[in-house]
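Residue numbers (this note's numbering): 868 to 1067.
Just so it is clear, CB atoms sit at the ideal spot from N, CA and C, and this is done for glycine as well.
Fair warning: this is a prediction, and the values are worked out from it, not measured in the lab.
So the structure is just underneath, and the comments pick up after that.
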């Protein structure tokens, strides 16, 4: 790995100052260490994530000590498109761990070709895997899904090379019927019928 993410210890009172100086408040915890508040250089971290991917193992250097970590969570400022906090999990490279992996849909559903609507109620699954084997994403083929079909973890569990920890009924993809507009009921006024009264 060519890039090492360098970190410094911090206090929680420094967060705003850190962000203004191009650093991200973070925390590291896990294998053989206690929870430690740190800060990392935003550009340094962004470069590493481009190299190893969101789920990749990276090396974090804290006060001269280098440890293997994965990013377990992060927070974003949606308006600015910037990361404002990160959680790093220190790992044992010899042991499996649980990570969330994105589901990528491939293929064009038969139901979608017929006008159906494809939806992904859950875009990630949790898998148990060794750190060196963490995938960036898991692909699922939806080509044979017709209108009204649902794809769950049970349908893909035996088709991928990873152990999924989610329940069998955890829904990944659905293809629903196309939406139809309901025309308003015609009223007497709309039909051009006038309400008349007979004079006595």
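Please state if the CB of residue 1035 and the CB of residue 1013 are separated by a distance shorter than 7 Å.
-> As a working note, residue 1013 is residue 146 in the chain shown. As a working note, residue 1035 is residue 168 in the chain shown. Going by C-beta atoms, residue 1013 is not nearer than 7 Å to residue 1035.
Take residue 951 and list the residues in its own chain whose beta-carbon comes closer than 8 Å to its own, dropping the five residues that flank it on each side.
-> Your numbering for residue 951 matches position 84 in the chain shown. For residue 951, where only same-chain residues beyond five positions count, the Cβ hits under 8 Å are 886, 891, 892, 942, 943 and 944.
Does DSSP put residue 979 in a helix, in a strand, or in coil?
-> Here residue 979 corresponds to residue number 112 of the chain shown, with the count starting at 1. Three-state DSSP puts residue 979 in a helix.
Could you tell me whether the stretch 923-935 touches the stretch 966-981, where touching means 3 or more Cβ pairs closer than 8 Å?
-> No: fewer than three Cβ pairs fall under 8 Å.
Could one say the Cβ of residue 947 lies closer than 7 Å to chain D's Cβ atoms, at least one of them?
-> Of the chains in the structure shown, none is chain D; there is only one protein chain.
Specify, as a first and last residue, the run of the beta strand (DSSP E) that residue 1008 falls within.
-> Numbered from its first residue, the chain shown carries residue 1008 at position 141. Where residue 1008 is concerned, the enclosing beta strand (DSSP E) stretches over 1004-1008.
How many Å lie between residue 991 and residue 937 at the Cα?
-> Your numbering for residue 991 matches position 124 in the chain shown. Your numbering for residue 937 matches position 70 in the chain shown. Answer to the nearest angstrom: the Cα atoms are 17 Å apart.
Measure how close the beta-carbons of residue 988 and residue 1038 come, nearest whole angstrom, since I'm counting them as under 8 Å.
-> For this step, residue 988 is matched to residue 121 along the chain shown. For this step, residue 1038 is matched to residue 171 along the chain shown. Going by Cβ atoms, the distance from residue 988 to residue 1038 rounds to 5 Å, so yes, they are a contact pair.
Roughly how many angstroms lie between the CA atoms of residue 912 and residue 872, to the nearest whole one?
-> Working through the chain shown from its first residue, we reach residue 912 at position 45. Working through the chain shown from its first residue, we reach residue 872 at position 5. Straight-line Cα distance between these residues: approximately 6 Å.
Which same chain residues, not among the five before or five after residue 993, have their C-beta less than 8 Å away from its C-beta?
-> As a first step, residue 993 must be located in the chain shown, where it is residue number 126. Annotation for residue 993: 965, 966, 967, 968, 1031, 1032 and 1033 place their beta carbon closer than 8 Å to its own, counting only its chain and skipping 5 residues before and after.
Classification of residue 880 by the beta-carbon crowding that lies within 10 angstroms, buried from 16 upward = Your numbering for residue 880 matches position 13 in the chain shown. Burial call: exposed.
Find the nearest neighbour of residue 1026 within the set 1042, 986, 1006 and 979, judged by alpha-carbon distance.
-> If you number the chain shown from 1, residue 1026 lands on position 159. Nearest Cα to residue 1026 within the set 1042, 986, 1006 and 979: 1006.
Using a Cβ-Cβ cut-off of 7 Å (strictly less than) and excluding sequence neighbours within five positions of residue 974, which residues of its own chain qualify?
-> The sequence position of residue 974 within the chain shown is 107, counting from 1. Excluding sequence neighbours, residue 974 sits near 1008, 1009 and 1010.
Quick one: what does DSSP say residue 883 is sitting in, helix, strand or coil?
-> Position 16 of the chain shown, counted from the first residue, corresponds to residue 883. Helix, per DSSP.
Going by beta carbon distance, what residues of the same chain come within less than 6 Å of residue 960, once the five residues before and after it are set aside?
-> Here residue 960 refers to the residue found at position 93 of the chain shown. Cβ within range, chain order: 935 and 998.
Mind checking whether residue 897 and residue 953 have CB atoms under 7 Å apart?
-> For this step, residue 897 is matched to residue 30 along the chain shown. For this step, residue 953 is matched to residue 86 along the chain shown. Not closer than 7 Å, so no.
Kindly indicate which residue of 1044, 910, 1004 and 962 has the alpha-carbon position closest to the one of residue 1070.
-> Limits of the chain in this structure are 868 at one end and 1067 at the other, which puts residue 1070 out of reach.
Grouping DSSP H, G and I as helix and E and B as strand, with all else coil, what is residue 1022?
-> Walking along the chain shown from the start, residue 1022 turns up at place 155. In the three-state scheme derived from DSSP, where H, G and I count as helix and E and B as strand, residue 1022 is classed as helix.
Residue 870 vs residue 910 beta-carbon contact at 7 Å | Reading the chain shown from its first residue, position 3 is the one you call residue 870. Reading the chain shown from its first residue, position 43 is the one you call residue 910. No, they are not a contact pair.
Continuous beta strand (DSSP E) stretch holding residue 915: start and end | Counting from 1 along the chain shown, the entry for residue 915 is found at position 48. First-last for residue 915: 909-919, but that is the alpha helix (DSSP H), not the beta strand (DSSP E).
Closer than 8 Å by C-beta to residue 920: which residues in its own chain qualify, once you throw out the five before and the five after it? Chain order, please.
-> For the purposes of this step, residue 920 is identified with residue 53 of the chain shown, where counting begins at 1. Closer than 8 Å at the Cβ level, and outside the excluded window around residue 920, lie 1003.
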